[in-house]
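Participant: My questions will all concern the structure given below.
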Amino acid sequence: MSHQQYLQAFTTMLEMQDRMNQRVHPEWPAQNFEWYRAVWIECAELMDHQGYKWWKKQHADIEQVQMEVVDIWHFGMSALIRPGVAAAEIAQEMIDELDASPRPHAANVLLATEALAADALSRKSFSVVVFRDLLHAVDLDFTSLYRQYVGKNVLNFFRQDHGYKDGSYIKIWQGREDNVHLVEVLASLDPSAQDYADAVYRGLKARYPAV
87 MSHQQYLQAF
97 TTMLEMQDRM
107 NQRVHPEWPA
117 QNFEWYRAVW
127 IECAELMDHQ
137 GYKWWKKQHA
147 DIEQVQMEVV
157 DIWHFGMSAL
167 IRPGVAAAEI
177 AQEMIDELDA
187 SPRPHAANVL
197 LATEALAADA
207 LSRKSFSVVV
217 FRDLLHAVDL
227 DFTSLYRQYV
237 GKNVLNFFRQ
247 DHGYKDGSYI
257 KIWQGREDNV
267 HLVEVLASLD
277 PSAQDYADAV
287 YRGLKARYPA
297 V
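With the sequence shown counted from 1, adding 86 to any position gets you our numbering.
What follows is the structure in structure tokens.
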């Protein structure tokens, strides 16, 4: 992605995360939630999926590992959002931080995860650069992260808008679960489009059974 596309992608994700957090608590920034704590706990869960127990046979579940990385990104962005500061300004700060350290630090998944957890615990914050090292270790980049993050976020909102809380939501459409439809919708769209998130929602809505 170009600089402008990164700026747009980060801004979109920050705005989406803010809206999601508002559903948990309308005044969520004033609650001073310990987002850094959620980050290192998710790091521990990631390591469990990767496998670290030398005393038993384990196989890395890369899909679950990558899902944990996306979850960490939710909490990491939440830690960076500040009241009164526009999402675009925070997005530019994130890009500046990445530009100041242009080359990812090579590390295996476990070491990169430990580095992120240690950073979160020591600074009680979130480093985009240290997170990028983990992203690189699990064979993801910010473009693929953007696709996965937006997809998961939009699906969560789509479910809420269509009766997830009261139990009326239909999870299986035409014999396939909604997350399968989501994968197909994401594959058909251009993630660099400015209305990417809205397009994902429209794609889901077009497939959802009329009731």
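Don't be surprised by glycine CBs; every beta carbon is placed ideally from N, CA and C.
All values reported here derive from a predicted model rather than from experimental measurement.
Identify which residue in Q178, H111, R123, R105 has its Cα closest to the Cα of Q90.
Facilitator: Counting from 1 along the sequence shown, the entry for residue 90 is found at position 4. Ranking Q178, H111, R123, R105 by Cα distance to Q90 puts Q178 first.
Participant: Could you give the DSSP three-state label for W259: helix, strand or coil?
Facilitator: What you label residue 259 is simply residue 173 of the sequence shown in a count that begins at 1. Correct three-state label for W259: strand.
Participant: Taking C-beta to C-beta, are H135 and V156 nearer than 8 Å?
Facilitator: The residue given as residue 135 occupies position 49 in the sequence shown. The residue given as residue 156 occupies position 70 in the sequence shown. Cβ distance not < 8 Å, so H135 and V156 don't count as in contact.
Participant: Could you say which of A95, L100, R109, T98 lies nearest to K251 if we only look at CA atoms?
Facilitator: Numbered from 1 along the sequence shown, position 165 holds the residue referred to as residue 251. Out of A95, L100, R109, T98, R109 has the C-alpha closest to the C-alpha of K251.
Participant: When DSSP labels each residue in this structure, what does S230 get in the three-state scheme?
Facilitator: On the sequence shown, position 144 is the one that residue 230 refers to. Taken through DSSP and simplified to helix, strand or coil, S230 comes out as helix.
Participant: Excluding the five sequence neighbours on either side, which residues of its own chain have a C-beta within less than 8 Å of the C-beta of Q103, listed in chain order?
Facilitator: On the sequence shown, residue 103 is found 17 positions in, with the first residue counted as 1. Around Q103: H160, M163, S164, I167, N239.
Participant: Could you tell me the distance, in whole angstroms, from the CA atom of F64 to the CA atom of Q117?
Facilitator: Residue coverage of the chain in this structure runs from 87 to 297, which leaves residue 64 outside it and unanswerable.
Participant: Between which two residues does the alpha helix (DSSP H) carrying S208 extend?
Facilitator: The residue you call residue 208 lines up with position 122 of the sequence shown. From DSSP, the alpha helix (DSSP H) with S208 extends over 195-209.
Participant: Which runs of the alpha helix (DSSP H) at least 4 residues long sit entirely within the segment 117-159? Give them in chain order.
Facilitator: Listed in chain order, the complete alpha helix (DSSP H) runs (minimum 4 residues) inside the segment 117-159 are 121-136.
Participant: Have a look at L93 and E101 and give me their C-alpha separation to the nearest angstrom.
Facilitator: Your numbering for residue 93 matches position 7 in the sequence shown. Your numbering for residue 101 matches position 15 in the sequence shown. Going by C-alpha positions, L93 is about 12 Å away from E101.
Participant: Return the CA-CA distance between Y282 and F96, expressed in angstroms with no decimal places.
Facilitator: The residue given as residue 282 occupies position 196 in the sequence shown. The residue given as residue 96 occupies position 10 in the sequence shown. For Y282 and F96, the distance between alpha carbons rounds to 13 Å.
Participant: Can you give me the C-alpha to C-alpha distance between W259 and H267, rounded to a whole angstrom?
Facilitator: For the purposes of this step, residue 259 is taken as the residue at position 173 of the sequence shown. For the purposes of this step, residue 267 is taken as the residue at position 181 of the sequence shown. Looking at the two C-alpha atoms, the distance is approximately 8 Å.
Participant: Between Y122 and A206, how many whole angstroms is the CB-CB distance? I'm expecting something under 8 Å.
Facilitator: The sequence position of residue 122 within the sequence shown is 36, counting from 1. The sequence position of residue 206 within the sequence shown is 120, counting from 1. Contact holds; Cβ gap of about 4 Å.
Participant: Assuming the contact rule is C-beta atoms closer than 8 Å, P277 and Y232 should be a hit. Round their C-beta distance to whole Å, please.
Facilitator: If you number the sequence shown from 1, residue 277 lands on position 191. If you number the sequence shown from 1, residue 232 lands on position 146. Correct: roughly 6 Å between the Cβ atoms.
Participant: At a Cβ threshold of 8 Å, is G162 touching chain C?
Facilitator: Protein chain content of the structure displayed is limited to a single chain, and chain C is not contained in it.
Participant: Please go through the same chain and pick out, in chain order, the residues whose beta-carbon is closer than 7 Å to the beta-carbon of D219, but skip the five residues on each side of it.
Facilitator: Numbered from its first residue, the sequence shown carries residue 219 at position 133. So the list reads P190, H191, A193, A198, A201, once near-sequence residues are dropped.
Participant: Kindly indicate the opening and closing residues of the alpha helix (DSSP H) around A173.
Facilitator: Position 87 of the sequence shown, counted from the first residue, corresponds to residue 173. Where A173 is concerned, the enclosing alpha helix (DSSP H) stretches over 173-186.
Participant: Contact check, W126 vs A203 under 8 Å by CB: the rounded distance?
Facilitator: In the sequence shown, residue 126 corresponds to position 40, counting from 1. In the sequence shown, residue 203 corresponds to position 117, counting from 1. Sure, about 4 Å apart at Cβ, within 8 Å.
Participant: Quick one: using the 10 Å Cβ neighbour count with 16 as the cut-off for buried, is G289 buried or exposed?
Facilitator: The sequence position of residue 289 within the sequence shown is 203, counting from 1. G289 should be labelled buried.
Participant: Taking the C-alpha atoms as reference points, what is the distance between L196 and P295?
Facilitator: For this step, residue 196 is matched to residue 110 along the sequence shown. For this step, residue 295 is matched to residue 209 along the sequence shown. About 43 Å.
Participant: Just checking my contact of C129 with I158 at CB under 8 Å: how many whole Å lie between their CB atoms?
Facilitator: Stepping through the sequence shown from its first residue, residue 129 is reached at position 43. Stepping through the sequence shown from its first residue, residue 158 is reached at position 72. 7 Å between Cβ atoms; contact.
Participant: In angstroms with no decimal places, state the Cα-to-Cα distance between D247 and G253.
Facilitator: Here residue 247 refers to the residue found at position 161 when the sequence shown is read from its first residue. Here residue 253 refers to the residue found at position 167 when the sequence shown is read from its first residue. Answer to the nearest angstrom: the Cα atoms are 12 Å apart.
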